[in-house]
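Residue numbers (our numbering): 1 to 139.
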C-alpha cells in the first residue's frame with residue numbers, strides 16, 4: 001500500500017495500491033473528472049430487455065450530443081435477464097442537470113419505453129478523490 005501523509009515520507013507495503021494526494025494532483029491536471037448517474041431498470045412481464053435497449057440506444061444518441069455528455073452504458077444482471085443497470089457519464093452534475101427537459105425527442109423515447117420497464121434511480125456519483133486498485137491493477 002502506498003500512503004503519503006507527507007510528500008517526504010512515502011512507504012510501500014504489500015497489498016492494494018492507494019493513490020496518494022500527490023498522485024491524484026497529477027491525475028487532476030491530466031484528466032477531466034466527471035460524474036456518473038446510475039439507475040436500475042427492471043423489465044416488466046411480457047417484455048424483453050432488448051426492447052428497452054433499443055429505446056436506450058435511440059435516446060442515448062440524442063443525449064450524447066448535449067454539452068458535457070461523456071457516454072452511456074447498459075449492463076444486464078448476471079442470472080436475471082430482466083434486470084439492467086444503466087450508467088450515464090457527464091462532465092459535471094451541473095451539465096447533466098442543465099440538460100434535463102431540453103431534449104424533447106429523447107424525453108419522448110424514454111417516456112414511450114416506460115411501458116417496458118420500471119426505473120429506480122440509484123444515485124449520482126462523483127469520480128473518487130482516492131482510488132484503490134488490487135496489486136498489479138491498472139490505473
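The beta carbon of each residue, even a glycine, is placed where N, CA and C say it ideally should be.
Here the structure is a predicted model, which means the values were calculated and not measured.
8 Å contact criterion, which residue i and residue j should meet: CB distance rounded
i: residue 55; j: residue 84; result: The pair is not a contact, with the Cβ atoms about 12 Å apart (cut-off 8 Å).
i: residue 87; j: residue 36; result: 6 Å
i: residue 148; j: residue 59; result: Past the boundaries of the shown model lies residue 148; the chain is included only from 1 to 139, so the question cannot be answered.
i: residue 122; j: residue 40; result: 6 Å
i: residue 116; j: residue 43; result: 6 Å
i: residue 95; j: residue 67; result: 6 Å
i: residue 113; j: residue 52; result: 6 Å
i: residue 34; j: residue 127; result: 6 Å
Strand pairing of residue i, partner residues [DSSP]
i: residue 71; result: 89
i: residue 76; result: 84
Beta-carbon proximity of residue i to residue j, cut-off 8 Å
i: residue 124; j: residue 77; result: no
i: residue 71; j: residue 89; result: yes
Delimiting residues of the beta strand (DSSP E) encompassing residue i
i: residue 120; result: 117-126
i: residue 42; result: 35-43
Limits of the alpha helix (DSSP H) - the one that residue i falls within
i: residue 60; result: 49-63
i: residue 66; result: Careful: residue 66 lies outside any alpha helix (DSSP H) and carries neither H nor E.
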